[in-house]
Amino acid sequence: MNPVNPTKDRIDQLAATLAATHARGGTVNDHTTALPSRREIAHLCDHVLALLFPGYFSGTAVHGNEVAGLLARSLAEGEVLLQAAIRLSGHFGTRPGDAAAPGASKARELAVAALEALPEVAALVQTDVDAAFANDPAAIDRATIILSYPCIEALAIQRFAHRLYLLGVPILPRMMTEIAHSRTGIDIHPGAAIGASFFIDHGTGVVIGETSRIGRNCVLYQGVGLVAWNPLERDEHGELRRGQSNKRHPDLEDHVTIYAGATILGGDTVIGHHSVIGGNVWVTRSVAPGSVVRNKEPELDIRPRRRQEPA
Amino acid sequence: MNPVNPTKDRIDQLAATLAATHARGGTVNDHTTALPSRREIAHLCDHVLALLFPGYFSGTAVHGNEVAGLLARSLAEGEVLLQAAIRLSGHFGTRPGDAAAPGASKARELAVAALEALPEVAALVQTDVDAAFANDPAAIDRATIILSYPCIEALAIQRFAHRLYLLGVPILPRMMTEIAHSRTGIDIHPGAAIGASFFIDHGTGVVIGETSRIGRNCVLYQGVGLVAWNPLERDEHGELRRGQSNKRHPDLEDHVTIYAGATILGGDTVIGHHSVIGGNVWVTRSVAPGSVVRNKEPELDIRPRRRQEPA
Amino acid sequence: MNPVNPTKDRIDQLAATLAATHARGGTVNDHTTALPSRREIAHLCDHVLALLFPGYFSGTAVHGNEVAGLLARSLAEGEVLLQAAIRLSGHFGTRPGDAAAPGASKARELAVAALEALPEVAALVQTDVDAAFANDPAAIDRATIILSYPCIEALAIQRFAHRLYLLGVPILPRMMTEIAHSRTGIDIHPGAAIGASFFIDHGTGVVIGETSRIGRNCVLYQGVGLVAWNPLERDEHGELRRGQSNKRHPDLEDHVTIYAGATILGGDTVIGHHSVIGGNVWVTRSVAPGSVVRNKEPELDIRPRRRQEPA
Numbered sequence: 019m020n021p022v023n024p025t026k027d028r029i030d031q032l033a034a035t036l037a038a039t040h041a042r043g044g045t046v047n048d049h050t051t052a053l054p055s056r057r058e059i060a061h062l063c064d065h066v067l068a069l070l071f072p073g074y075f076s077g078t079a080v081h082g083n084e085v086a087g088l089l090a091r092s093l094a095e096g097e098v099l100l101q102a103a104i105r106l107s108g109h110f111g112t113r114p115g116d117a118a119a120p121g122a123s124k125a126r127e128l129a130v131a132a133l134e135a136l137p138e139v140a141a142l143v144q145t146d147v148d149a150a151f152a153n154d155p156a157a158i159d160r161a162t163i164i165l166s167y168p169c170i171e172a173l174a175i176q177r178f179a180h181r182l183y184l185l186g187v188p189i190l191p192r193m194m195t196e197i198a199h200s201r202t203g204i205d206i207h208p209g210a211a212i213g214a215s216f217f218i219d220h221g222t223g224v225v226i227g228e229t230s231r232i233g234r235n236c237v238l239y240q241g242v243g244l245v246a247w248n249p250l251e252r253d254e255h256g257e258l259r260r261g262q263s264n265k266r267h268p269d270l271e272d273h274v275t276i277y278a279g280a281t282i283l284g285g286d287t288v289i290g291h292h293s294v295i296g297g298n299v300w301v302t303r304s305v306a307p308g309s310v311v312r313n314k315e316p317e318l319d320i321r322p323r324r325r326q327e328p329a
Numbered sequence: 019m020n021p022v023n024p025t026k027d028r029i030d031q032l033a034a035t036l037a038a039t040h041a042r043g044g045t046v047n048d049h050t051t052a053l054p055s056r057r058e059i060a061h062l063c064d065h066v067l068a069l070l071f072p073g074y075f076s077g078t079a080v081h082g083n084e085v086a087g088l089l090a091r092s093l094a095e096g097e098v099l100l101q102a103a104i105r106l107s108g109h110f111g112t113r114p115g116d117a118a119a120p121g122a123s124k125a126r127e128l129a130v131a132a133l134e135a136l137p138e139v140a141a142l143v144q145t146d147v148d149a150a151f152a153n154d155p156a157a158i159d160r161a162t163i164i165l166s167y168p169c170i171e172a173l174a175i176q177r178f179a180h181r182l183y184l185l186g187v188p189i190l191p192r193m194m195t196e197i198a199h200s201r202t203g204i205d206i207h208p209g210a211a212i213g214a215s216f217f218i219d220h221g222t223g224v225v226i227g228e229t230s231r232i233g234r235n236c237v238l239y240q241g242v243g244l245v246a247w248n249p250l251e252r253d254e255h256g257e258l259r260r261g262q263s264n265k266r267h268p269d270l271e272d273h274v275t276i277y278a279g280a281t282i283l284g285g286d287t288v289i290g291h292h293s294v295i296g297g298n299v300w301v302t303r304s305v306a307p308g309s310v311v312r313n314k315e316p317e318l319d320i321r322p323r324r325r326q327e328p329a
Numbered sequence: 019m020n021p022v023n024p025t026k027d028r029i030d031q032l033a034a035t036l037a038a039t040h041a042r043g044g045t046v047n048d049h050t051t052a053l054p055s056r057r058e059i060a061h062l063c064d065h066v067l068a069l070l071f072p073g074y075f076s077g078t079a080v081h082g083n084e085v086a087g088l089l090a091r092s093l094a095e096g097e098v099l100l101q102a103a104i105r106l107s108g109h110f111g112t113r114p115g116d117a118a119a120p121g122a123s124k125a126r127e128l129a130v131a132a133l134e135a136l137p138e139v140a141a142l143v144q145t146d147v148d149a150a151f152a153n154d155p156a157a158i159d160r161a162t163i164i165l166s167y168p169c170i171e172a173l174a175i176q177r178f179a180h181r182l183y184l185l186g187v188p189i190l191p192r193m194m195t196e197i198a199h200s201r202t203g204i205d206i207h208p209g210a211a212i213g214a215s216f217f218i219d220h221g222t223g224v225v226i227g228e229t230s231r232i233g234r235n236c237v238l239y240q241g242v243g244l245v246a247w248n249p250l251e252r253d254e255h256g257e258l259r260r261g262q263s264n265k266r267h268p269d270l271e272d273h274v275t276i277y278a279g280a281t282i283l284g285g286d287t288v289i290g291h292h293s294v295i296g297g298n299v300w301v302t303r304s305v306a307p308g309s310v311v312r313n314k315e316p317e318l319d320i321r322p323r324r325r326q327e328p329a
């Protein structure tokens with residue numbers, strides 16, 4: 019024991035014990051490279067938002083003839099950020115078919131391919147802004163929607179991350195959507211395929227699973243889940259069936275509205291177009307187009323509060 | 019094609035395509051000035067918190083005879099931050115009656131008027147701290163409540179943003195409450211009018227709409243919604259009725275308690291004073307004072323799990 | 019009135035009024051020292067995460083023979099951060115039995131004692147990563163789980179904060195779990211005692227109260243609450259019974275699964291081992307081991323939407 023600094027002895031002993039725990043548990047990243055850092059991926063998310071709404075998040079307005087030049091510089095910078103994140107992610111991916119451990123040229127190719135989806139993503143996110151304006155009586159102007167509505171941030175990030183997911187990039191797409199989840203309370207897996215003009219009001223508690231497919235002009239309120247009914251389906255070897263090979267989340271056709279707290283479950287469940295699902299409803303099977311589904315008039319027990327009865 | 023750097027060619031081409039998409043969609047901020055930046059508004063929110071709880075968020079304690087001097091300096095700094103944010107917001111507001119595109123002197127006047135509401139806001143937030151202490155058995159000391167309870171941050175920001183809303187400042191109030199929403203999971207529109215001694219336990223998933231009015235000494239638990247029943251009411255021209263002109267969210271009288279996951283809907287719905295609304299209840303019409311409203315004893319289906327039945 | 023700068027006069031007047039409001043309300047921290055700052059506690063949380071997953075959050079990989087040395091340096095730095103936070107917290111704690119206003123040597127002792135729990139915490143969090151992999155078909159690799167799953171961050175912070183709570187450190191443990199709550203939407207009180215191999219899917223809206231005890235191999239989905247049934251129990255003097263002296267949150271035995279939106283209430287409620295609680299169920303009494311509890315088949319009212327009926 020070190021008579022001068024007994025704390026140092028305890029710390030050194032503790033370091034050895036903790037190192038042994040990590041060695042047993044495999045919780046050290048001892049690959050040859052770092053993993054993408056959350057701070058850098060958060061910065062990448064902000065960069066994607068700035069590309070999708072020039073002049074809204076940059077702190078300066080952008081005038082007509084400056085737009086293409088600004089975008090060219092911003093895209094070039096985005097390509098550098100994205101290429102680095104893809105390279106770091108690629109060393110760790112294990113999804114069958116993933117682009118594993120890409121060299122610089124493969125990572126650059128994937129980064130440029132993802133960026134080339136931005137015009138299509140931008141056009142989709144524009145329809146989401148319009149859908150928010152059309153569906154929310156609290157919305158007075160589009161600037162407020164773009165600057166502050168959680169659904170716009172969540173959808174902008176998810177729609178871009180979905181392209182990375184389709185390109186087979188591991189780790190990074192989910193890191194991006196979880197950053198959006200942390201900021202907005204809206205949890206959309208990057209695997210979900212979402213049509214144009216999607217509006218999520220309030221948003222906190224919304225969950226959309228990996229294998230959901232959502233049509234055009236759908237509206238969700240807070241706390242709605244599109245989730246798995248029996249998630250732990252196993253193959254003939256007893257292994258969990260993972261990813262897109264296990265269609266376990268429901269589909270919505272066009273023009274479906276789902277009110278707060280409703281839960282739709284199961285990979286074979288399809289909510290037909292122009293249907294309305296009421297609040298708190300629990301749906302485990304398909305619903306024909308044009309349906310209105312509500313819980314039976316809830317039987318409430320209403321009685322006077324007794325004197326001194328606590329709340 | 020650039021033989022030296024083919025990526026550059028693709029990026030330049032992409033920039034042109036993306037610029038065209040933005041031109042079509044109107045998603046460039048091409049006004050003469052920048053919009054308020056989220057980072058600056060987050061800083062403004064932190065500044066408001068520090069004014070409401072001197073010495074709690076500043077990293078230094080404040081002794082009795084220093085308080086007024088410290089507040090004077092902090093208010094002067096706050097006036098600068100707020101005036102800048104109001105000017106940037108004002109260029110973009112389109113709400114009927116909004117203070118549009120204010121010059122420096124008008125923006126300063128609005129900023130000072132909002133700051134002059136701070137003593138009243140501080141007195142209200144003090145009652146919220148007391149309400150948390152009175153209602154939460156996990157609360158042992160007021161310092162923990164002020165430093166870490168999500169409801170205190172959400173209410174402090176909303177009560178100040180509500181004054182900006184009443185002054186007709188566009189964009190900024192909602193940006194402030196959405197920053198609080200992102201940090202706390204509690205979504206209170208700046209339009210809501212909230213009485214003294216309000217407590218929200220846990221908080222994640224709570225939604226309070228723009229036209230709600232809440233009395234004194236109310237308590238909400240996590241996941242409670244005070245929301246619109248039929249949000250898309252239209253005027254005789256088929257236009258959505260927006261803002262306060264469409265009273266669409268419910269009112270709570272004094273001493274109302276609402277348990278987790280309950281939803282109260284509709285602009286004519288009034289929950290009478292001293293009423294208690296049970297968890298998960300769905301209420302679409304008014305309730306007399308002193309009522310206890312619960313779902314009928316839920317019929318549960320309880321059976322033994324079959325051998326090997328999956329979870 | 020100052021003819022040169024009338025705003026300054028109003029600000030000075032306002033500072034005096036606001037100072038008087040704070041003096042009345044006791045909302046100035048006028049103790050002799052600062053309180054722990056949220057920014058520093060957030061930094062401490064990040065430091066704990068880095069100690070629990072070396073090389074995952076640090077931006078560099080760590081190779082086998084470097085691990086113990088890196089951990090020794092990181093633990094020494096953590097001891098400094100933690101000791102400072104404990105000293106600042108200790109000046110403000112008022113929980114009966116709390117270590118109040120510790121001197122430097124007592125704070126160092128508490129900090130080292132908490133750090134010495136890290137190997138056990140690390141071993142528990144490793145089981146949480148394995149549980150996520152075993153229970154989530156969307157999980158393809160452990161790196162994504164460690165880097166981005168909200169439950170891992172929430173559990174890592176809560177499991178460490180729980181040790182500080184057991185050591186009687188005031189304020190700090192709750193500040194840490196509220197930082198995790200803000201980032202993840204998962205609200206676990208530092209008092210809750212949680213067994214190995216715990217998985218929370220999605221997570222937003224989950225609440226676990228101070229006096230809950232959870233066994234091994236339990237799984238919760240989003241929006242599940244383990245909460246108080248009658249929180250405001252009072253002692254013979256009419257005082258609220260606070261903290262662990264008021265067992266008010268339920269217990270889960272081993273291998274319990276609870277689906278989205280279910281709420282379990284009350285300090286005497288025990289969910290027996292190997293039970294499954296269905297979504298949205300509201301449980302106020304104990305359930306025998308091996309039970310399956312669901313709401314009776316919900317009676318849905320399904321009808322065709324009328325022509326032109328609004329959503």
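Residue numbers (this note's numbering), protein chains in the order written: chain F, 19 to 329; chain G, 19 to 329; chain P, 19 to 329. Glycine residues also receive a C-beta, built at the ideal position from the N, C-alpha and C atoms.
Residue environment: G/E95 is assigned as exposed (fewer than 16 neighbouring CB atoms within 10 Å of its CB, all protein chains considered). A distance below 7 Å between beta-carbons, with the five flanking residues on each side excluded, links P/H292 to the following residues of its chain, in chain order: H273, P307, G308. In the DSSP assignment, F/S309 falls within the beta strand (DSSP E) that extends over 309-313.
In this structure F/N23 is exposed. Its beta-carbon is surrounded by fewer than 16 other beta-carbon atoms within 10 angstroms. By the Cβ criterion, the region 237-250 of chain F is not in contact with the region 121-141 of chain P, since fewer than three pairs of Cβ atoms, one from each stretch, lie closer than 8 Å. Judged by DSSP in its simplified three-state form, F/V187 adopts coil rather than helix or strand.
Around the beta carbon of P/E171, 16 or more other beta carbons lie within 10 angstroms, which makes this residue buried. Straight-line spacing of the CA atoms in F/S200 and P/H40 works out to 34 Å.
At the C-beta level, F/R312 and P/D319 come within 9 Å of one another. Per DSSP, the unbroken beta strand (DSSP E) holding P/T281 starts and ends at 281-283. Here P/S166 is buried: its Cβ has 16 or more other Cβ atoms, across all protein chains shown, within 10 Å.
Put simply, of P/L32, P/R323, P/D269, P/D219 the residue whose alpha carbon is nearest the alpha carbon of P/A152 is P/D219. Around the CB of F/V98, fewer than 16 other CB atoms lie within 10 Å, so the residue is classed as exposed. Under a criterion of Cβ atoms nearer than 7 Å, the residues of chain G adjacent to P/E228 are, in order, A156. In this structure, G/L89 and G/A52 do not form a Cβ contact; the two beta carbons are roughly 30 Å apart against a cut-off of 8 Å. With contacts defined by Cβ atoms closer than 9 Å, P/W300 and P/A278 do not form a contacting pair. The alpha helix (DSSP H) runs lying completely inside the region 44-125 of chain P and spanning 4 residues or more are 56-70, 85-108, given in chain order.
Just so you know, the alpha carbons of G/R177 and G/P208 end up roughly 8 Å apart.
Looking from the CA of G/K26, the closest CA among F/A33, F/L69, F/E134 belongs to F/E134. Contact with chain P is absent for G/I295, since none of that chain's Cβ atoms lies less than 9 Å from the residue's Cβ. Counting along the chain, the unbroken alpha helix (DSSP H) around P/R160 starts and ends at 160-166. Annotation: F/S76 to G/P54 spans about 10 Å, alpha carbon to alpha carbon. Under DSSP, P/G243 takes part in a beta bridge, and its partners are P/V225, P/T281.
Residues of the region 130-142 of chain P with a C-beta less than 7 Å from any C-beta of chain F: V130, L133, E134, L136, P137, A140, A141, listed in chain order. Interface flag for G/A79 against chain P is set, since a Cβ pair is found closer than 9 Å.
Scanning P/V225, P/Q144, P/Q101, P/Y183 for the CA closest to the CA of P/A125 turns up P/Q101.
Membership of F/P208 in any alpha helix (DSSP H) is not indicated, and neither H nor E is assigned to it by DSSP. G/I175 has a beta carbon lying at 9 Å or more from every beta carbon in chain F. Distance from the CA atom of P/R321 to the CA atom of G/I212, rounded to whole angstroms, is 39 Å. Per DSSP, reduced to three states, the secondary structure at P/F216 is coil, with no helix or strand assignment. The beta-bridge partner set that DSSP reports for P/R231 consists of P/A211, P/D269.
Taking 9 Å as the CB threshold, G/P249 lines the interface with chain F.
DSSP, read as helix, strand or coil, puts P/R260 in coil.
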